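Following UniProt numbering, the numbering of the sequence shown begins with 1 at its first residue and continues without gaps.
Heads up, the beta-carbon is just placed ideally off N, CA and C, and yes, glycines get one too.
Quantities reported herein were computed from a predicted structural model and do not represent experimental measurements.
Encoded as structure tokens, the structure appears first; notes follow it.
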Amino acid sequence: MTIRYKLMLAFGSVVGVVLLAIGLAIYLLSEANARFDNYLTGINARALTAAQVRAAVDQRAIAARNLVLITRPEEIAGEQRIAQQSHQEATEALRRLAELGRDPEASEQARRFIDDIVAIETLYAPVALNIVDLAVRGQREEAIRKMNEECRPLLARLIQATDGYARFTAERADQRVAAARQSYERQRALLIAVCVAAIALAITAGLLIERNLRRDLGAEPVEMRNLVSTVAAGDLSAALAVREGDQRSVLATIARMQQGLRGIVATVREEAREVSLASEQIAGGNAELASRTESQASSLEQTAAAMEQFGATVRKNADNAGRADELARQAHTVAMNGGEVVGQVVQTMQGINQSSRKISEIIGVIDGIAFQTNILALNAAVEAARAGEQGRGFAVVASEVRSLAGRSAEAAKEIKSLITSSVAQITQGTQLAETAGQTMDLMVSSIREVTAVVEEIANASKEQSIGVTQVSEAIVFMDRVTQDNAAMVEEMSVSARGLHEKAQTLVRTVASFRLPSDQAVAAASAPRLSTTYAGPSALQEPPVLRRLAA
1 MTIRYKLMLA FGSVVGVVLL AIGLAIYLLS EANARFDNYL TGINARALTA
51 AQVRAAVDQR AIAARNLVLI TRPEEIAGEQ RIAQQSHQEA TEALRRLAEL
101 GRDPEASEQA RRFIDDIVAI ETLYAPVALN IVDLAVRGQR EEAIRKMNEE
151 CRPLLARLIQ ATDGYARFTA ERADQRVAAA RQSYERQRAL LIAVCVAAIA
201 LAITAGLLIE RNLRRDLGAE PVEMRNLVST VAAGDLSAAL AVREGDQRSV
251 LATIARMQQG LRGIVATVRE EAREVSLASE QIAGGNAELA SRTESQASSL
301 EQTAAAMEQF GATVRKNADN AGRADELARQ AHTVAMNGGE VVGQVVQTMQ
351 GINQSSRKIS EIIGVIDGIA FQTNILALNA AVEAARAGEQ GRGFAVVASE
401 VRSLAGRSAE AAKEIKSLIT SSVAQITQGT QLAETAGQTM DLMVSSIREV
451 TAVVEEIANA SKEQSIGVTQ VSEAIVFMDR VTQDNAAMVE EMSVSARGLH
501 EKAQTLVRTV ASFRLPSDQA VAAASAPRLS TTYAGPSALQ EPPVLRRLAA
């Protein structure tokens, strides 16, 4: 359990008890306040209202008596107003008393008293008002008789009822006061007990926290601060007084830390000496490696220059092959276009041939129509001859029609002859165009093969150029890497010298820690090692590097 949790638990418990006491006090005060409010709105309110009823009834009775005794009109009017006002006050107070009597908090005996008062006043009020009315009208004897026979007995009963209720409320008030006093004493005792418990809990928590802190720390905080300051100053030779069996306190942990630091400092001292030796050997090896790297970089520069010349030649060949491939592609395109044009000519000639044949057929139809027209004209001439004089005009028309039919037949024959000659020529032209198309197809096929061969040559030249470029780039990259390695080796050489200086500084720094063994043996400075490089065969892996590799 942490100290923070212990403190929070202890103070939280104390705060919880204090809050409990505060809550209890608030609850008890609210309960007492509720009882007081109940008394004010219950018993006390009913008692005051009953007293108001009694006072108003007494005032009304006095006014009625005065009306019987006085004779002056102005006094009679004044007493009449007093009697009426007192009657209204009594009626209002009686109504409030009846409502208070219906309160659930009212006791059964209080309800009986209130019911008696209400019942008596209900009987007494008309009698009192009748007496006032008789006295105002001057019937004093009748008023006195009613006062003696009816009013006084009812008034006596009302006085007895109100006095009884007053005594009852006084007794109830005394009981409430006694109960409140007893409740106060109990509540005070309870609050005192809670406060005492809170104080006891706080004292117990403080003692437990103090005990736990001493057990967890193992010593006083001042002693702990001095010990930690000693360790922080580098003095690891101080002896710590840890109690027997103490393994969990802060002091025991510091003691274990001190032992661990002693071992770490001793190990770091030894490792610092070995790092110093290794840094000297690394510096010598880096110097030799830098010389060899510079020689290798010079050779790579010469190789890169030769590859650059060879790459220029290969790129020129690749450019020529690409130009030849481009020309072959253009020739192939021209041949393809020529083949397409010849194909279109063949298709056009075939269309013309078909159209000529259709025209020849149409001319044949026209020739047939002319022949039939000639026959019809001949028949018409015969019929006109038979008709004699009446058919002469018709015979002339038939002769003209026959003449036209003959000329149409001759023209159709001439056109047919010309069309036949044109069809023969078109057929011959179509055959020649087909032959030219076949020749163009053979030419296109040959050019396609030539284009494929030239394309293969161009692709091979491109691949060769790419390969030479990649080899040249690789050599350039190797040259750049070699130069970077040379620069890196130089930097490593500088870093190795810096590492050697840091190792010497580390040795001196670690020597500032004081160990128990330093009290018997004087701290010796780290030996200076030779920095002469004996060649690669003289390099030996120091023990620290062997341990790191393992």
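- One Cα belongs to residue 71, the other to residue 157, and the distance between them is close to 30 Å.
- Boundaries of the alpha helix (DSSP H) harbouring residue 66: 45-69, taken from the DSSP string.
- For residue 408, the closest alpha carbon among the candidates 319, 489 and 367 is that of 367.
- Non-local beta-carbon contacts of residue 136 in its own chain, meaning distances under 8 Å to residues more than five positions away in sequence, involve 67, 76 and 80 in chain order.
- Residue 146 counts as buried, since no fewer than 16 other beta carbons sit within 10 angstroms of its beta carbon.
- By the Cβ-count criterion, residue 168 is buried, with 16 or more other Cβ atoms from all chains shown falling within 10 Å of its own Cβ.
- For residue 96, the enclosing alpha helix (DSSP H) has its first and last residue at 73-101.
- The beta carbons of residue 377 and residue 411 sit about 17 Å from each other, so the pair does not count as a contact at 8 Å.
- Fewer than three Cβ pairs drawn from the segment 80-95 and the segment 140-155 lie within less than 8 Å of each other, which leaves the two stretches out of contact.
- For a cut-off of 8 Å, the C-beta gap from residue 24 to residue 190 is around 7 Å, short enough to register as a contact.
- For the pair of segments examined, the segment 261-279 was found to touch the segment 495-508: the number of CB pairs separated by less than 8 Å reaches three.
- Out of 57, 181, 351 and 287, the CA that lies nearest to the CA of residue 128 is found in 57.
- Contact check for residue 391 against residue 383 passes: the beta carbons are separated by less than 9 Å.
- With at least 16 other beta carbons inside 10 angstroms of its own, residue 479 counts as buried.
- The C-beta of residue 5 has fewer than 16 other C-beta atoms within 10 Å across all chains shown, which makes the residue exposed.
- In this structure, residue 447 sits away from residue 324, with a CB-CB distance that is not shorter than 9 Å.
- Taking every protein chain shown into account, the CB of residue 438 has fewer than 16 other CB atoms within 10 angstroms, so this residue is exposed.
- Separation of residue 420 and residue 338 (C-alpha to C-alpha, rounded to the nearest whole angstrom) is 31 Å.
- Annotated as distal: residue 97 and residue 124, with beta-carbon spacing of 9 Å or more.
- The Cβ neighbour count for residue 306, taken over all protein chains shown within 10 Å, is under 16; the residue is labelled exposed.
- Annotation: the segment 120-201 contains no complete segment of the beta strand (DSSP E) (minimum length 3 residues).
- One alpha carbon belongs to residue 119, the other to residue 174, and they sit about 28 Å apart.
- As the crow flies, the alpha-carbon of residue 111 is around 16 Å from that of residue 160.
- In the same chain as residue 301, and ignoring 5 residues on each side of it, the C-beta atoms closer than 7 Å to its own belong to 479, in chain order.
- Between residue 304 and residue 476, the gap from beta carbon to beta carbon is short of 9 Å.
- Scanning its chain for C-beta atoms nearer than 7 Å, with the 5 sequence neighbours on each side dropped, one finds around residue 492 the residues 286, in chain order.
- Here the alpha carbons of residue 374 and residue 363 stand approximately 16 Å from one another.
- For the pair residue 114 and residue 165, the CB atoms are nearer than the 9 Å cut-off.
- Counting only the Cα atoms, residue 272 lies some 26 Å from residue 254.
- In the assembly as shown, residue 86 is a buried residue. Its beta-carbon has 16 or more other beta-carbons within 10 Å.
- Residue 150 and residue 78 have their C-alpha atoms roughly 24 Å apart.
- Ranked by Cα distance from residue 60, the first of 343, 380 and 84 is 84.
- Contact between residue 352 and residue 426 is confirmed by a C-beta separation of about 5 Å, below the 8 Å threshold.
- The alpha-carbon of residue 284 is positioned some 16 Å away from that of residue 487.
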